[in-house]
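Asks: Okay, here's the structure, questions in a sec.
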Amino acid sequence: MKAGVLAVQGDVSEHAAAIRRAATAHGESAEVVEIRESGLLPECDVLLCPGGESTTISRLIRREGIAEEIREHVAADKPVLATCAGLIVLSADAKDDRVETLGLIDATVDRNAFGRQADSFEAPLAVDGLADPFHAVFIRAPLIDAVGDGVEVLASWEDRPVLVRDGPILGCSFHPELTDDPRIHDLAFFPEVAATV
Amino acid sequence: MADATDLEELKRGTELVKRGFARMQKGGVIMDVVTREQARIAEDAGAVAVMALEAVPADIRKRGGVARMPDPTNVTEIIDEVSIPVMGKSRIGHRKEAEILESLGVDMIDESEVLTPADDEYHIDKREFTAPFVCGARNLPEALRRINEGAAMIRTKGEAGTGDVNQAVKHQRTMQRQIREIAGLEHTEREKWAREHGAPRELVHETADAGRLPVVNFAAGGIATPADAALMMYYGCDGIFVGSGIFGAENPSEMGTAIVEAVTNWDDADELAEIARGVGKGMQGQSTDSIPDEERLQGRGV
Chain S
1 MKAGVLAVQG DVSEHAAAIR RAATAHGESA EVVEIRESGL LPECDVLLCP GGESTTISRL
61 IRREGIAEEI REHVAADKPV LATCAGLIVL SADAKDDRVE TLGLIDATVD RNAFGRQADS
121 FEAPLAVDGL ADPFHAVFIR APLIDAVGDG VEVLASWEDR PVLVRDGPIL GCSFHPELTD
181 DPRIHDLAFF PEVAATV
Chain B
1 MADATDLEEL KRGTELVKRG FARMQKGGVI MDVVTREQAR IAEDAGAVAV MALEAVPADI
61 RKRGGVARMP DPTNVTEIID EVSIPVMGKS RIGHRKEAEI LESLGVDMID ESEVLTPADD
121 EYHIDKREFT APFVCGARNL PEALRRINEG AAMIRTKGEA GTGDVNQAVK HQRTMQRQIR
181 EIAGLEHTER EKWAREHGAP RELVHETADA GRLPVVNFAA GGIATPADAA LMMYYGCDGI
241 FVGSGIFGAE NPSEMGTAIV EAVTNWDDAD ELAEIARGVG KGMQGQSTDS IPDEERLQGR
301 GV
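Here the protein sequences line up with chains S and B, keeping their order.
Using our numbering, the first residue of the first sequence is number 1, and each one after it goes up by one.
Using our numbering, the first residue of the second sequence is number 1, and each one after it goes up by one.
In structure tokens form, the structure reads like this:
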């Protein structure tokens with residue numbers, strides 16, 4: 001598969017390594033394309049939107065003309081995994097005029113809801129569809145406030161959603177790319193495999 | 001819905017969480033700010049974080065005297081002003097300044113040679129903090145010593161406050177050359193290299209095996225233009241700190257935006273030309289050559 005990693009800012013190489021690992025685990029290979037300009041994403045089968053700073057990322061994807069291509073990717077029903085800042089940028093509303101969201105995930109997001117870096121943490125997280133908990137790393141993480149009818153909540157932290165699916169998009173407020181466990185990537189890109197683990 | 005998650009296994013301030021925070025800064029620009037007004041300009045320009053300090057390095061140089069951590073009032077105002085992470089500078093070896101910054105809620109502490117060192121021999125034991133630290137380094141052994149003390153992020157020292165990128169280039173190239181050097185050595189040769197360079201041996205092996213530092217490595221010290229920032233990305237840095245280069249420029253907002261865009265477009269000269277066009281004068285600066293060794297900041301805290 002050709003995997004686009006949004007690369008204007010954030011933990012791009014971690015996402016590139018994670019999708020390669022996940023693909024290899026299922027006997028496929030992922031050719032990673034770092035997307036810093038327009039014209040590359042239309043060639044990609046899947047998209048990964050990394051963590052980083054949502055203010056910076058939302059500004060740069062517009063400047064580089066990538067925002068519209070992300071909309072087209074989703075409209076074509078191609079899979080997306082959006083983590084942390086990626087989730088914020090793709091959401092319907094981040095309740096903050098410093099971030100212009102794309103409105104692709106029917107959910108409102110509370111930026112940095114967990115607080116500052118001192119409140120960042122790692123913990124096992126129960127996820128629907130996974131037999132064992134997923135070790136989740138939350139870094140100045142957002143929480144999902146409200147979701148639309150078509151949005152499926154796959155995991156919550158203290159009753160607030162942290163992993164949701166809206167059509168082809170899996171939105172995640174933690175960082176599955178920082179650990180070796182490929183199961184969240186499986187849920188996004190290899191659903192037939194994920195169902196069996 | 002799956003079962004409730006086990007709160008008792010929640011861990012804060014781990015190496016993964018600290019280094020992970022630094023990873024989220026990659027490909028971004030962290031800007032020095034002194035006031036909340038500057039912090040606002042930096043966030044609007046697209047900074048991934050701001051660094052709170054008492055005065056920008058160029059002014060510290062001019063003014064002389066002892067440079068210390070920023071006033072807590074300023075730090076709190078800056079934290080209230082922006083939604084992006086706020087970092088703060090403490091003196092080398094000044095554990096109490098670092099504790100105060102952590103208590104104020106800064107997201108990362110820079111144990112920085114730009115301030116007057118509080119301890120000539122020892123750095124802070126950074127492993128004991130929940131807050132992650134970034135430290136400066138001129139070469140690989142220095143970087144690995146800081147990582148061994150718990151630094152979650154490294155930056156080149158460069159020569160702060162000069163607007164002269166020369167020393168940042170030198171430090172980054174030295175670091176990269178030394179990583180290539182140890183990668184080419186076999187086990188016993190790496191052990192000897194570690195001994196001779198005063199570098200923690202386990203980290204020497206880890207770096208040699210991975211072909212890169214185990215933590216994020218930014219460039220800092222003398223970066224003043226979009227082209228400077230692009231040059232440091234070309235030399236393999238993960239991102240950029242800009243100190244005096246933003247608010248010492250003729251138009252800080254334009255310069256900040258241009259440097260942010262240059263870091264994303266570092267490998268596209270046509271884009272860089274557009275980005276640099278009309279950005280206004282950079283900080284005046286001072287060539288590192290003209291600064292005597294004893295006045296250079298980079299020799300502090302090795």
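Glycine residues also receive a C-beta, built at the ideal position from the N, C-alpha and C atoms.
Source: prediction; values computed, not measured.
How many whole angstroms separate the CB atoms of I105 (chain S) and L125 (chain S), which I take to be in contact at a CB cut-off of 8 Å?
Replies: The pair is not a contact, with the Cβ atoms about 19 Å apart (cut-off 8 Å).
Asks: Use the C-beta contact count for R165 (chain S): other C-beta atoms within 10 angstroms, 16 or more gives buried, fewer gives exposed.
Replies: Per the 10 Å Cβ criterion, buried.
Asks: Contact between the segment 125 to 140 of chain B and the segment 168 to 182 of chain B is defined here as three or more beta-carbon pairs at a separation below 8 Å; is this criterion met?
Replies: Taking 8 Å as the limit for Cβ pairs, the verdict is that the segment 168 to 182 of chain B does touch the segment 125 to 140 of chain B.
Asks: Leaving out five residues before and five after D59 (chain B) in sequence, what residues of the same chain have Cβ atoms less than 8 Å from its Cβ?
Replies: G161, S244, listed in sequence order.
Asks: Does DSSP put K18 (chain B) in a helix, a strand or coil?
Replies: K18 (chain B) falls in the helix class under three-state DSSP.
Asks: Please classify H187 (chain B): is it buried, with 16 or more other beta-carbons within 10 angstroms of its beta-carbon, or exposed?
Replies: Burial call: exposed.
Asks: Taking Cβ positions, are V114 (chain B) and K89 (chain B) nearer each other than 8 Å?
Replies: Yes, these two residues count as a Cβ contact at 8 Å.
Asks: Output the boundary residues of the beta strand (DSSP E) element that contains D110 (chain B).
Replies: Segment 108 to 112, the beta strand (DSSP E) holding D110 (chain B).
Asks: Considering only the alpha carbon of each residue, which of B:D164, B:G184, B:E196 lies closest to S290 (chain B)?
Replies: Ranking the options by Cα distance to S290 (chain B), first place goes to B:D164.
Asks: Between M108 (chain B) and T264 (chain B), what straight-line distance do the alpha-carbon atoms span, to the nearest angstrom?
Replies: Their Cα atoms are separated by approximately 23 Å.
Asks: Does the distance from the C-beta atom of H185 (chain S) to that of A22 (chain S) stay below 8 Å?
Replies: Yes, the pair counts as a contact, with Cβ atoms nearer than the cut-off.
Asks: Assign V66 (chain B) to buried or exposed, taking buried as 16 or more other Cβ atoms, counted over all protein chains shown, within 10 Å of its Cβ.
Replies: V66 (chain B) should be labelled exposed.
Asks: Please name the residue, chosen from S:C84, S:D96, S:D110, S:S156, that lies closest to G20 (chain B) on a Cα-to-Cα basis.
Replies: The option with the nearest alpha carbon to G20 (chain B) is S:C84.
Asks: With a cut-off of 8 Å, does the C-beta of D3 (chain B) fall near any C-beta of chain S?
Replies: In this predicted model, D3 (chain B) has a pLDDT of only 47, less than 50, meaning its place in the structure is not dependable; the value taken from the coordinates is given anyway. It does: the Cβ of D3 (chain B) has a partner Cβ on chain S nearer than 8 Å.
Asks: Run the CB neighbour count on A22 (chain B), radius 10 Å, all protein chains shown included, and call it buried at 16 or more, exposed below.
Replies: Buried, by the Cβ-count rule.
Asks: Starting from the beta carbon of F121 (chain S), find every residue of chain B whose beta carbon is closer than 9 Å, and list them in chain order.
Replies: Result: L10, K11, R12, G13, T14, V17.
Asks: Report yes if the CB atom of D10 (chain S) is closer than 8 Å to the CB atom of M24 (chain B), and no otherwise.
Replies: The identity of residue 10 (chain S) in the sequence shown is Gly, whereas the question assumes Asp. Closer than 8 Å, so yes.
Asks: If L47 (chain S) and I70 (chain S) are in contact, beta carbons under 8 Å, what's the gap, nearest whole angstrom?
Replies: Contact flag correct, Cβ pair sits at about 7 Å.
Asks: For chain S, check one thing: does any of its Cβ atoms lie closer than 8 Å to the Cβ of I84 (chain B)?
Replies: Taking Cβ atoms only, chain S reaches closer than 8 Å to I84 (chain B), which makes this a yes.
Asks: Does the Cβ of M1 (chain B) have 16 or more other Cβ atoms within 10 Å, making it buried, or fewer, making it exposed?
Replies: In this predicted model, M1 (chain B) has a pLDDT of only 41, less than 50, meaning its place in the structure is not dependable enough to derive any value.
Asks: Return helix, strand or coil for L104 (chain S), following the three-state DSSP convention.
Replies: Coil, per DSSP.
Asks: In whole angstroms, give me the CA-to-CA distance for E192 (chain S) and E152 (chain S).
Replies: Distance between the alpha carbons of E192 (chain S) and E152 (chain S): 17 Å.
Asks: Could you compute how far the alpha carbon of E15 (chain B) sits from the alpha carbon of A152 (chain B)?
Replies: The straight-line gap from Cα to Cα measures roughly 7 Å.
Asks: Might you give, ordered along the chain, the residues of its own chain that have their beta carbon closer than 7 Å to the beta carbon of H15 (chain S), omitting 5 neighbours on each side?
Replies: Same-chain partners within the cutoff: V5, L48, P50, E177.
Asks: Could you work out which residues of chain S lie near P132 (chain B), taking near to mean beta carbons separated by less than 8 Å?
Replies: Going along chain S in sequence order, the residues near P132 (chain B) (Cβ under 8 Å) are Q117.
Asks: Thinking G211 (chain B) and A168 (chain B) are a contact (beta carbons under 8 Å), I'd like their distance in whole angstroms, please.
Replies: Going by Cβ atoms, the distance from G211 (chain B) to A168 (chain B) rounds to 21 Å, so no, they are not a contact pair.
Asks: Tell me, please, whether the segment 38 to 58 of chain B touches the segment 94 to 112 of chain B by the rule of three or more beta-carbon pairs shorter than 8 Å.
Replies: Flag = yes, the segment 38 to 58 of chain B and the segment 94 to 112 of chain B touch.
Asks: When the cut-off is 8 Å and only beta carbons count, does T56 (chain S) lie next to chain B?
Replies: Output row for T56 (chain S): interface = yes.
Asks: I want to know whether the segment 271 to 283 of chain B touches the segment 114 to 124 of chain B - three or more CB-CB distances under 8 Å.
Replies: They do not touch, by the three-pair rule.
Asks: Nearest CA to the CA of I147 (chain B): which residue from B:D268, B:A199, B:H94?
Replies: When each option's Cα is compared against that of I147 (chain B), the closest is B:A199.
Asks: A18 (chain S) lies in the alpha helix (DSSP H); which residues open and close that run?
Replies: Where A18 (chain S) is concerned, the enclosing alpha helix (DSSP H) stretches over 12 to 25.
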